[in-house]
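Q: Residue numbers (my numbering): 365 to 708.
The beta carbon of each residue, even a glycine, is placed where N, CA and C say it ideally should be.
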Amino acid sequence: MTKMANGTMSSPSTREESSVVQDLKDPKIQADPKDPKIQDRKEFKTVIVWNNVAKFVVLHVLGLHALVLFPAVAPQTVAFSVLCSLLGGLGVTAGAHRLWTHRSYKARLPLRVFLMLINCLAMENSIYVWTRDHRVHHKFSETSADPHDATRGLFFSHMGWLMVRKHPDVKEKGSKIDLSDLQNDPVVMFQHRHYLPLAMTLCIVLPTLIPIYFWGEHPWTSYVWSILSYLVTLHGTWSVNSLAHMFGSRPYDVNINPSENKFVSFVAIGEGFHNYHHTYPHDYSASEYRWSLNLTTLFIDTMAWCGMAYDRRSVSKEAVSERIKRTGPGSQLVAAKPSTDVYY
Ligand SMILES: [Zn+2]
Ligand SMILES: [Zn+2]
Numbered sequence: 365m366t367k368m369a370n371g372t373m374s375s376p377s378t379r380e381e382s383s384v385v386q387d388l389k390d391p392k393i394q395a396d397p398k399d400p401k402i403q404d405r406k407e408f409k410t411v412i413v414w415n416n417v418a419k420f421v422v423l424h425v426l427g428l429h430a431l432v433l434f435p436a437v438a439p440q441t442v443a444f445s446v447l448c449s450l451l452g453g454l455g456v457t458a459g460a461h462r463l464w465t466h467r468s469y470k471a472r473l474p475l476r477v478f479l480m481l482i483n484c485l486a487m488e489n490s491i492y493v494w495t496r497d498h499r500v501h502h503k504f505s506e507t508s509a510d511p512h513d514a515t516r517g518l519f520f521s522h523m524g525w526l527m528v529r530k531h532p533d534v535k536e537k538g539s540k541i542d543l544s545d546l547q548n549d550p551v552v553m554f555q556h557r558h559y560l561p562l563a564m565t566l567c568i569v570l571p572t573l574i575p576i577y578f579w580g581e582h583p584w585t586s587y588v589w590s591i592l593s594y595l596v597t598l599h600g601t602w603s604v605n606s607l608a609h610m611f612g613s614r615p616y617d618v619n620i621n622p623s624e625n626k627f628v629s630f631v632a633i634g635e636g637f638h639n640y641h642h643t644y645p646h647d648y649s650a651s652e653y654r655w656s657l658n659l660t661t662l663f664i665d666t667m668a669w670c671g672m673a674y675d676r677r678s679v680s681k682e683a684v685s686e687r688i689k690r691t692g693p694g695s696q697l698v699a700a701k702p703s704t705d706v707y708y
């Protein structure tokens, strides 16, 4: 059985599943298979999900073909693709990430519905699944229970993790994450129950039909440009997990890998201030610098101005400077334990 991308897909074949079970029988893993701190990578056998690999290859071939067609594409189609990428991105950043994963602000029903719909446009799996994975990522960052553990390499943390079977620790810890708040949100559960038709319609079908119907774009061109727009959103999100976990400065906490990365902030509309974000996951701005390279914060503030968003959580300047003294560069506690702040 196969699902969508982010996120994408897949359920393992029986043969793949049995291979994971075999791995768990290894005596070294049996010593304490539930401890994500134990890096059993020598024993854990990576199982490639070829179905997912094939889907990503096809998507990227279509995306490259869209670029080849650039001279023939209508300017409206290009502008529309950029708009779709931005909306899909906001559905992830303002929706799945800052609202549903971290509860960093509250949103009234119309805004929640809007965010749910544009989240479908990003097709990075349902909010419910995305949130579970992201809460596990924060709680077990850079361990074998982290779904896109950056210590397994740049490609793995970027998109490779979507092409292999999950590490058993990811499943184990993920199954214990509290998602009761999402289960009590009818907007989230509606999307989760009807995810595939909703996502296909909003991510591919409508973005293909609109340029054909309104300004006469060629159907194939319109289709491949909808795929390109989808890929842009995907790579923007993925860069947070890969680039912002490897490259950049760590002004707030030198004990963790997540870093401040301006390029990622640009392509992921405000999510590249990642050292700050992992230090203060509940700050609605995911940054100390509000609107700077942070379209998502501008959007949330605009929604607050309209009365649609409220109870935005943030961290005082004093608390931030105290934290920098304790765990920032030059602090005496470089070797101390990482943050014990709440993880969402
Ligand atoms: Zn992260
Ligand atoms: Zn986060």
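Would you give the residue range spanned by the alpha helix (DSSP H) that SER678 belongs to?
A: Translated into the one-based positions of the sequence shown, residue 678 becomes position 314. Neither: SER678 is in no alpha helix (DSSP H) and is coded neither H nor E.
Q: Give me the residue from LEU481, HIS424, SER695 and SER623 with the minimum Cα distance to HIS558.
A: As a working mapping, residue 558 is identified with position 194 in the sequence shown. Checking every option, the nearest Cα to that of HIS558 belongs to LEU481.
Q: To the nearest angstrom, how far is it from the Cα of LEU433 to the Cα of LEU607?
A: If you number the sequence shown from 1, residue 433 lands on position 69. If you number the sequence shown from 1, residue 607 lands on position 243. Cα to Cα, LEU433 sits roughly 29 Å from LEU607.
Q: Can you list the residues near ligand 2, meaning Cβ strictly closer than 6 Å to any non-hydrogen atom, in the order they appear in the chain?
A: Those residues having their beta-carbon less than 6 Å away from any non-hydrogen atom of ligand 2 are, in chain order, HIS461, THR465, HIS466, HIS498, HIS502, HIS641 and PRO645.
Q: Pick from ALA460, LEU423 and LEU450: whose alpha carbon is nearest that of SER490?
A: Here the question's residue 490 lines up with position 126 in the sequence shown. Selected option, being the one with the closest Cα: ALA460.
Q: Helix, strand or coil for GLU624? Go by DSSP, reduced to three states.
A: Here the question's residue 624 lines up with position 260 in the sequence shown. Strand at GLU624.
Q: Consider the C-beta atom of ASN625 and the heavy atoms of ligand 1; say whether any pair is separated by less than 7 Å.
A: For this step, residue 625 is matched to residue 261 along the sequence shown. No, since every heavy atom of ligand 1 falls outside the 7 Å radius drawn around the Cβ of ASN625.
Q: DSSP on VAL413, reduced to helix/strand/coil?
A: Counting from 1 along the sequence shown, the entry for residue 413 is found at position 49. Correct three-state label for VAL413: coil.
Q: Compute the minimum distance between the beta carbon of PRO622 and the heavy atoms of ligand 1, and state whether it is under 7 Å.
A: In the sequence shown, counting from the first residue as 1, residue 622 sits at position 258. Yes, Cβ of PRO622 sits closer than 7 Å to a heavy atom of ligand 1.
Q: Please report the distance separating the alpha-carbon of ARG654 from that of LYS409.
A: For this step, residue 654 is matched to residue 290 along the sequence shown. For this step, residue 409 is matched to residue 45 along the sequence shown. Those two C-alpha atoms are separated by around 43 Å.
Q: Could you name the residues that DSSP lists as bridge partners for SER613?
A: For the purposes of this step, residue 613 is taken as residue 249 along the sequence shown, with counting starting at 1. Paired residues: GLU624.
Q: Which residues in the same chain have their Cβ closer than 7 Å to the Cβ of THR572, if we skip the five residues on either side of it in sequence?
A: What you label residue 572 is simply residue 208 of the sequence shown in a count that begins at 1. Closer than 7 Å at the Cβ level, and outside the excluded window around THR572, lie SER586, TYR587 and SER590.
Q: Could you check whether ILE688 and PRO615 sit closer than 8 Å to each other, using their CB atoms as the reference points?
A: Numbered from its first residue, the sequence shown carries residue 615 at position 251. Numbered from its first residue, the sequence shown carries residue 688 at position 324. Yes, these two residues count as a Cβ contact at 8 Å.
Q: Where are the alpha helix (DSSP H) runs, 4 residues long or more, that stay fully inside the segment 512 to 567, in chain order?
A: 518 to 522, 532 to 538, 544 to 547, 550 to 557 and 559 to 564
Q: ARG472 to GLY453, Cα distance in whole Å?
A: Taking the first residue of the sequence shown as position 1, residue 472 is located at position 108. Taking the first residue of the sequence shown as position 1, residue 453 is located at position 89. Going by the C-alpha atoms only, they are around 20 Å apart.
Q: Does the count of Cβ pairs from the segment 463 to 472 and the segment 418 to 435 closer than 8 Å reach three?
A: no
Q: Could you tell me if the beta carbon of SER505 falls within a distance shorter than 7 Å of some heavy atom in ligand 1?
A: On the sequence shown, position 141 is the one that residue 505 refers to. Checking the Cβ of SER505 against ligand 1 gives yes.
Q: Is ASN605 close to ligand 3? I mean its beta-carbon at under 7 Å from any heavy atom of the ligand.
A: This structure lacks ligand 3; the ligands present are ligand 1 and ligand 2.
Q: Of all the options ASN619, PHE420, ILE620 and HIS638, which has the alpha carbon lying nearest to the alpha carbon of LYS626?
A: Residue 626 sits at position 262 when you count from the first residue of the sequence shown. Of the listed residues, the one whose Cα sits closest to LYS626 is HIS638.
Q: Which of the three DSSP states, helix, strand or coil, is assigned to PHE420?
A: For the purposes of this step, residue 420 is taken as residue 56 along the sequence shown, with counting starting at 1. Here PHE420 sits in helix by DSSP.
Q: Please report the distance separating the alpha-carbon of ALA673 from that of TYR648.
A: Position 309 of the sequence shown holds residue 673. Position 284 of the sequence shown holds residue 648. Each residue's Cα considered, the two are about 11 Å apart.
Q: Using the Cα positions of LYS419 and TRP669, report the straight-line distance between them to the nearest angstrom.
A: Counting from one through the sequence shown, the residue named residue 419 turns up at place 55. Counting from one through the sequence shown, the residue named residue 669 turns up at place 305. Each residue's alpha carbon lies about 41 Å from the other.
Q: With DSSP run on the structure shown, which of helix, strand or coil describes ALA471?
A: The residue labelled residue 471 in the question sits at position 107 within the sequence shown. Strand, per DSSP.
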